[in-house]
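Okay, structure first, notes after.
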């Protein structure tokens with residue numbers, strides 16, 4: 343039997359027929375209900391002419407329907423092209439054109455925001471959507487459709503998803519992930535997190551983002567439950583929901599935890615059911631990580647590292663190795679990570695080089711972009727674009743992204759090191775350091791800071807603190823105090839937006 | 019319309035609605051669900067309310083009942099003695 347992503351849902355529907363798979367506000371769906379809804383959608387897609395390998399664009403906020411749509415597309419033998427639900431019409435036009443998707447599944451909110459998208463058929467919204475002449479299928483129609491069996495003959499090498507990822511240059515690239523890629527990564531995460539049917543994760547991260555998607559797939563595979571909460575704008579409601587729903591797991595990116603720790607009741611509100619917390623999506627300042635651990639009680643913190651090109655996950659820091667805090671840990675099961683020079687030669691411990699990885703989770707390449715694929719996937723594995731070193735025990739330490747590293751007067755400077763020091767001051771909620779061209783030094787660091795308390799914040803105090811922490815060439819030459827930092831839909835800080 | 023309400027609407031328009039002419043500011047529509055503000059936007063709004071009206075907003079007060087819609091914000095400011 344080939345490992346197929348929608349097989350997770352089918353197996354859990356058989357093994358846990360009465361179990362709630364997804365909670366979405368006041369609504370919920372059991373595994374069989376979700377599997378049946380996905381089956382009906384698969385039938386609609388087949389009726390609308392979907393062939394094996396056809397791409398389907400999806401723009402939906404997290405919901406029972408978005409989950410059913412994901413597994414439904416896969417059951418029909420299609421490829422999910424999930425894009426942020428806040429995408430603009432021109433971004434969606436690019437995704438449609440680039441992926442060649444002719445079918446779309448939209449939420450009402452996305453349909454309203456996007457207006458008439460250029461697809462042959464639009465499924466989902468109860469409001470007008472799609473260009474003139476486009477076929478429209480509502481969720482009511484989907485509910486009335488027969489529950490089809492999954493398409494036969496699919497193999498592990500069939501594509502399951504194209505995930506668009508922004509680089510520092512050019513348009514977003516479509517990362518091609520096969521069923522094998524996603525199944526291997528999901529299985530590895532379930533094993534190191536020790537997920538069981540009694541686990542219940544709070545999902546505030548969007549499912550179109552690979553980290554968000556791992557929450558869904560791992561819990562569906564393990565027979566656990568996923569609690570959807572799209573209201574992180576009010577973090578206190580998420581904390582109350584975590585308590586009320588007795589969640590055992592929570593996942594966030596650094597800005598999620600910065601908000602929870604700095605502007606919510608989380609630090610003084612224990613969540614007794616919490617068993618584990620994961621953090622990925624970029625390095626979090628060690629000072630913030632220590633504060634987070636201090637708030638978690640008995641819950642374990644898993645710091646993780648990965649890339650869209652790796653289906654999501656590459657390494658994790660086992661919670662009992664807090665002595666290695668600041669490291670991205672060790673490879674997850676099934677992944678082989680190495681530090682190499684530009685020619686692919688493996689470097690000895692403590693030498694900084696390219697972080698590379700091999701494993702069943704590594705992408706098939708970039709959609710329609712052989713040149714970029716050849717740059718990213720070398721004979722020695724995926725070149726992540728991150729720099730780092732291994733210590734004597736095999737733990738990997740991240741130095742920064744190749745393209746983010748600054749060259750200040752000939753010396754390499756890591757923006758992350760400066761950011762960590764700024765956060766350590768305890769004066770700042772969030773920060774981002776970028777490079778600015780400089781006539782004499784070629785590049786100098788510029789820091790954007792969001793004060794913890796705008797009333798009492800003193801930039802001079804922060805400068806004094808940095809003076810005692812970093813060598814002069816690492817001192818930001820320009821400081822900009824801002825109310826907030828621009829964010830990508832995943833919640834990560836958008837440094838490109840700061841450079842413009 | 020009271021001046022403080024105008025100031026709130028102006029802040030939201032200037033900071034979150036820029037260039038999106040199709041977004042109407044209905045006082046009873048969720049600023050989050052309508053896509054006007056996200057989690058960072060709420061924090062920006064809180065910072066604006068604190069500095070502009072010289073009030074202190076506790077973490078416990080960052081709830082939808084106080085900040086989700088323009089009507090809620092107006093009610094919340096009144097409860098803080100702003101008129």
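Residue numbers (this note's numbering), protein chains in the order written: chain S, 343 to 842; chain U, 19 to 101. C-beta atoms are modelled at their ideal positions from N, C-alpha and C, and glycine is treated no differently. All values reported here derive from a predicted model rather than from experimental measurement.
Residue i: which of the options sits nearest, CA to CA?
i	options	result
residue 505(S)	646(S), 593(S), 437(S), 797(S)	437(S)
residue 622(S)	637(S), 597(S), 612(S), 465(S)	597(S)
residue 573(S)	561(S), 588(S), 601(S), 552(S)	601(S)
residue 96(U)	32(U), 71(U), 43(U), 29(U)	71(U)
residue 35(U)	74(U), 45(U), 53(U), 84(U)	53(U)
residue 667(S)	677(S), 646(S), 682(S)	646(S)
residue 693(S)	733(S), 720(S), 669(S)	733(S)
residue 631(S)	798(S), 768(S), 577(S)	768(S)
residue 454(S)	30(U), 51(U), 24(U)	51(U)
residue 578(S)	66(U), 62(U), 84(U)	84(U)
residue 642(S)	592(S), 689(S), 352(S)	592(S)
residue 789(S)	841(S), 740(S), 830(S), 829(S)	841(S)
residue 472(S)	486(S), 447(S), 483(S), 724(S)	447(S)
residue 780(S)	833(S), 811(S), 818(S), 774(S)	818(S)
Which chain S residues sit within Cβ distance under 7 Å of residue i?
i	result
residue 27(U)	The premise fails here: residue 27(U) is roughly 18 Å from chain S at the closest Cβ pair, so nothing lies under 7 Å.
residue 55(U)	575
residue 35(U)	What residue 35(U) touches in chain S: nothing, since even the nearest Cβ is about 14 Å away.
Any beta-carbon of chain S closer than 7 Å to the one on residue i?
i	result
residue 87(U)	no
residue 50(U)	yes
residue 72(U)	no
residue 21(U)	no
residue 60(U)	yes
residue 99(U)	no
Quick check on residue i - is its C-beta less than 7 Å from some C-beta in chain U?
i	result
residue 576(S)	yes
residue 826(S)	yes
residue 510(S)	Model confidence at residue 510(S) stands at a pLDDT of 49, short of 50, so the residue's coordinates are unreliable and nothing is read from them.
residue 830(S)	no
Mind listing the chain S neighbours of residue i? Cutoff is C-beta to C-beta under 8 Å, in chain order.
i	result
residue 82(U)	573, 576, 579
Start and end of the alpha helix (DSSP H) containing residue i?
i	result
residue 69(U)	57-71
residue 43(U)	Per DSSP, residue 43(U) belongs to no alpha helix (DSSP H) and is neither H nor E.
residue 362(S)	That residue, residue 362(S), is in no alpha helix (DSSP H); its beta strand (DSSP E) goes 362-366.
residue 850(S)	Nothing in the structure corresponds to residue 850(S), since chain S is present only between 343 and 842.
residue 28(U)	21-34
residue 387(S)	373-389
residue 89(U)	88-97
residue 636(S)	628-637
Looking at the secondary structure, which residues open and close the beta strand (DSSP E) in which residue i lies?
i	result
residue 545(S)	542-545
residue 696(S)	695-701
residue 519(S)	515-520
residue 742(S)	738-743
Give the straight-line distance between the Cα atoms of residue i and residue j, rounded to the nearest whole angstrom.
i	j	result
residue 759(S)	residue 415(S)	43 Å
residue 549(S)	residue 823(S)	32 Å
residue 571(S)	residue 814(S)	44 Å
residue 293(S)	residue 663(S)	Chain S is shown from 343 up to 842; residue 293(S) falls before or after that span and cannot be answered.
residue 515(S)	residue 804(S)	39 Å
residue 545(S)	residue 696(S)	32 Å
residue 76(U)	residue 456(S)	37 Å
residue 658(S)	residue 618(S)	13 Å
residue 460(S)	residue 421(S)	18 Å
residue 799(S)	residue 793(S)	6 Å
residue 510(S)	residue 776(S)	Reliability of the predicted coordinates at residue 510(S) is poor, the pLDDT of 49 falling under 50, and no value is obtained from them.
Name the chain U residues that come within less than 8 Å of residue i, Cβ to Cβ?
i	result
residue 606(S)	77, 80
residue 796(S)	65, 68, 69
Name the chain U residues whose beta carbon is nearer than 9 Å to that of residue i?
i	result
residue 451(S)	51, 52, 53
Residue i touches chain A at which residues, Cβ-Cβ below 7 Å?
i	result
residue 428(S)	Of the protein chains in the structure, S and U, none is chain A.
Taking C-beta pairs closer than 7 Å, name the residues in chain U that residue i reaches, listed in chain order.
i	result
residue 570(S)	Those within 7 Å of residue 570(S) in chain U number zero; the least Cβ separation is about 14 Å.
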